[in-house]
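Per the numbering used here, the sequence shown runs over residues 2 to 551. Note that the Cβ used here is the ideal one computed from N, Cα and C, for glycine as well. Small disclaimer: the values here were computed from a predicted structure and weren't measured.
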Amino acid sequence: MTQMDTEITAAMAPDKDWWRGAVIYQIYPRSFQDSTGNGIGDLIGITQRIPYIASLGVDAIWISPFFTSPMKDFGYDVSNYCDVDPMFGTLDDFDALVAAAHDKGVKVMIDLVLSHTSDQHPWFRESRKDRDNAKADWYVWADPKPDGTPPNNWLSIFGGSGWQWDARREQYYLHNFLTSQPDLNFHSAQVQDALLDATRFWLERGVDGFRLDTINFYFADKMLRDNPALPPERRNDTIAPSVNPYNHQEHLFSKNQPENLAFLARFRALLDQYPAATCVGEVGDAQRGLELLGTYTAGETGVHMCYAFEFLSPDRLSAQGVVETMTRLEAAAPDGWACWAFSNHDVVRHATRWNLSPQALCGYTSMMGALRGSLCLYQGEELGLPEADVAFDDLQDPYGIEFWPEFKGRDGCRTPMVWELSNHNGGFSTGKAWLPVGQAHLTRSVAAQESDPCAPLHHYRRVLAFRRAHPALVKGTQTQTQAQGDVLQFQRSHEGQTIFCAFNMSDRPAVLQMPAGEWRAIGTELGGATADALGGVHLDQWQPCFALKR
Ligand code: BGC
């Protein structure tokens with residue numbers, strides 16, 4: 002090869018590091034766009050909306066599970082890892098979706114739920130037959146205690162014991178979620194191999210990466226030791242609502258096992274065989290989430306990113322809260338990489354959870370757009386959608402049905418996307434939607450916001466464009482975050498570009514002290530203050546300030 006050939010090849014090579022600082026748009030396929038009129042969103046519907054997604058300026062989509070499933074947990078209970086549930090379409094539809102997304106420069110990440118399967122998966126059907134079959138140890142089976150009770154005190158997140166009795170084997174099996182979601186036994190090399198085969202299947206189909214469901218639940222303690230009690234002062238409700246006794250245990254043995262690192266290394270080695278595949282692992286742990294994030298993303302042998310729960314917390318995020326999270330993360334994972342989110346399909350939408358004014362909503366978006374890490378946006382948050390009210394009779398989520406009314410479950414954040422005002426289903430479906438469209442959402446539809454330059458949709462687009470235009474915000478280093486009262490500030494730097502970022506995270510005006518040096522205000526299209534003058538800069542409520550070092 003001549004030198005020119007080498008240069009051309011290098012220029013055409015995919016960017017292996019594209020995920021670093023990327024913005025990922027999460028799609029909950031049941032509720033995005035229905036193309037058939039059956040009231041349930043599908044893959045063709047997503048493909049139809051790719052131009053809209055691309056118009057946001059995101060780098061990738063993450064599609065929540067669309068695999069074959071009895072839908073007890075709406076797709077997070079997989080009965081065939083290598084096919085599309087007919088409700089969502091076909092493998093051909095998936096290929097067309099990938100092609101359409103790639104055509105618009107949008108990468109595609111899919112959601113692999115490896116920790117457990119559905120109880121309808123052929124692996125589990127075989128495993129539960131008797132104690133001697135070829136897959137007898139593919140799940141976590143254990144004998145009862147002499148008094149017939151479960152083998153230990155582990156709890157399910159969705160309520161009750163983490164163990165379910167099976168009369169065929171006269172044994173219990175482990176389920177961290179629903180009883181119909183038995184946990185796979187990752188201590189078995191065959192199980193690992195089978196899961197890696199499923200992963201390879203999708204890599205060969207051209208996906209760019211994976212969101213990995215509950216990666217810290219993959220392994221359970223081999224000796225099945227009891228979890229210790231967690232004293233009330235150490236409990237918090239980041240992972241499960243406070244009314245859930247799951248919060249009363251320290252999950253030392255039911256998850257977060259050291260063997261996980263070796264499996265993640267195998268997973269990473271598989272991804273590394275492809276030009277630019279990536280993954281983000283969901284780490285659900287109320288006490289040690291950031292530390293696990295550090296361990297799992299350190300070096301080149303774990304996952305590329307971990308999905309952090311810190312900004313999904315029920316408590317409104319303050320400037321001091323961001324500093325505490327960043328300081329802990331820096332200590333736990335100086336070279337680790339987080340993926341931040343305010344909303345997703347499991348939590349109350351942040352507009353409602355934090356009771357945000359329009360200014361506050363935009364302020365949080367500007368702040369997240371400047372933080373070191375990758376970002377996940379959840380469909381509809383760009384419209385500033387509040388949580389929808391779903392009546393008990395319309396509830397679908399078994400978690401909500403179990404804990405109602407103290408915890409209403411996850412249906413309120415899963416109602417259909419609203420595209421138009423004129424149609425009673427917001428343009429989502431011509432049929433009866435599987436969850437009712439939030440009536441308060443209709444006036445916030447995409448069509449309504451397109452024609453209003455002050456709408457959140459345009460603010461999201463401006464924030465993402467601003468981020469993309471400044472490599473320091475995408476991939477740069479970040480100085481120690483600081484809070485001066487309610488004003489959060491830090492600097493990001495990359496290849497000679499340094500950007501000072503400050504955010505007034507309160508409903509009151511504030512005065513910002515600029516750091517020493519010469520700065521030029523940028524980001525005024527996001528409502529950023531003019532920071533040309535040194536000394537005190539006045540910030541209105543929720544106003545940011547961005548300045549480029551001269
Ligand atoms: C997903 C949930 C799901 C659970 C079990 C998660 O954390 O985000 O929606 O119910 O895993 O798979």
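Provide the residue span of the alpha helix (DSSP H) that contains residue i, from first to last.
| i | result |
| --- | --- |
| Lys476 | 472 to 476 |
| Asn356 | Careful: Asn356 lies outside any alpha helix (DSSP H) and carries neither H nor E. |
| Phe67 | Premise fails: Phe67 is in no alpha helix (DSSP H) and is neither H nor E. |
| His103 | 92 to 104 |
| Asn81 | No alpha helix (DSSP H) holds Asn81; the beta strand (DSSP E) holding it covers 81 to 85. |
| Thr571 | Lying outside 2 to 551, the shown extent of the chain, residue 571 is not represented and no answer is given. |
| Ile402 | 399 to 404 |
| Leu293 | 290 to 298 |
| Ser128 | 123 to 128 |
Considering only the alpha carbon of each residue, which of the options lies closest to residue i?
| i | options | result |
| --- | --- | --- |
| Met368 | Arg350, Leu330, Pro545 | Pro545 |
| Glu283 | Trp338, Thr328, Pro229, Gln274 | Trp338 |
| Trp19 | Ala277, Gln542, Ala135 | Ala277 |
| Asp214 | Leu265, Arg206, Leu384, Gln172 | Leu265 |
| Pro246 | Gln258, Gly160, Leu196 | Gly160 |
| Phe501 | His188, Ala522, Asp74, Asp131 | Ala522 |
| Asp35 | Gly537, Pro516, Trp435 | Trp435 |
| Gly497 | Ala473, Asp508, Val512, Asp487 | Ala473 |
| Pro52 | Ala102, Ala361, Gly90, Val512 | Ala102 |
| Ser70 | Asp541, Ala97, Pro123, Ser56 | Pro123 |
| Phe491 | Gly38, Phe429, Val324 | Val324 |
| Gly303 | Thr326, Pro315, Asp336, Gln321 | Asp336 |
| Gln274 | Asp487, Ser255, Leu197 | Leu197 |
Is residue i near the ligand BGC, judged by its Cβ being under 7 Å from some heavy atom?
| i | result |
| --- | --- |
| Asp347 | yes |
| Phe178 | yes |
| Gly285 | yes |
| Val114 | yes |
| Asp94 | no |
| Thr215 | yes |
| Tyr77 | yes |
| Asp74 | yes |
Please look up how many angstroms separate the CB atoms of residue i and residue j, rounded, as I've assumed it's under 8 Å.
| i | j | result |
| --- | --- | --- |
| Leu489 | Thr482 | 6 Å |
| Ser181 | Asp138 | With 8 Å as the limit, Ser181 and Asp138 do not qualify as a contact, their Cβ atoms being about 20 Å apart. |
| Cys1 | Gln27 | Given a span of 2 to 551 for the chain in the structure shown, any question on residue 1 remains unanswerable. |
| Val109 | Ile54 | That pair is no contact at about 11 Å. |
| Asn177 | His117 | 7 Å |
| Pro457 | Leu357 | That belief does not hold up - the Cβ atoms of Pro457 and Leu357 are roughly 10 Å apart, past 8 Å. |
| Gln258 | Ala221 | 7 Å |
| Pro510 | His539 | 7 Å |
| Leu293 | Glu311 | In fact, because the Cβ distance is near 12 Å, the residues do not count as touching under 8 Å. |
| Ile558 | Phe218 | Nothing about residue 558 can be read from this structure; the chain reaches only from 2 to 551. |
Can you give me the start and stop residues for the beta strand (DSSP E) that residue i sits inside?
| i | result |
| --- | --- |
| Leu253 | No beta strand (DSSP E) contains Leu253, which DSSP labels as neither H nor E. |
| Met327 | Not the beta strand (DSSP E): Met327 falls in the alpha helix (DSSP H), residues 320 to 333. |
| His495 | 488 to 495 |
| Pro545 | 545 to 550 |
| Gln165 | 164 to 167 |
| Glu383 | Looking at the DSSP string, Glu383 is not in any beta strand (DSSP E), and its letter there is neither H nor E. |
| Leu443 | From DSSP, Leu443 is part of no beta strand (DSSP E); its letter is neither H nor E. |
| Trp341 | 339 to 341 |
| Val24 | 24 to 28 |
| Glu283 | 279 to 283 |
| Trp139 | No beta strand (DSSP E) contains Trp139, which DSSP labels as neither H nor E. |
Would you check if the distance between the CB atom of residue i and the CB atom of residue j is smaller than 8 Å?
| i | j | result |
| --- | --- | --- |
| Tyr82 | Phe67 | no |
| Pro454 | Val438 | no |
| Ser452 | Gly427 | no |
| Ile64 | Pro30 | yes |
| Glu251 | Leu271 | no |
| Arg493 | Trp520 | no |
| Ser554 | Gly40 | Nothing about residue 554 can be reported from this structure: the residues present for the chain run from 2 to 551 only. |
| Gly528 | Phe547 | no |
| Gln514 | Gln485 | yes |
| Asp60 | Val85 | no |
| Lys223 | His249 | no |
| Tyr77 | Val114 | yes |
| Asn237 | Ala287 | yes |
| Thr431 | Leu313 | no |
| Arg329 | Gly58 | no |
| Gln172 | Asp144 | yes |
| Arg267 | Gln193 | yes |
| Ala333 | Gly295 | yes |
| Trp164 | Pro152 | yes |
| Ala448 | Trp405 | no |
| Gly410 | Asp398 | yes |
Just to confirm, does residue i get its C-beta within under 7 Å of one of the non-hydrogen atoms of the ligand GDP?
| i | result |
| --- | --- |
| Thr215 | Looking for the ligand GDP in the displayed structure turns up nothing; the ligands present are the ligand BGC. |
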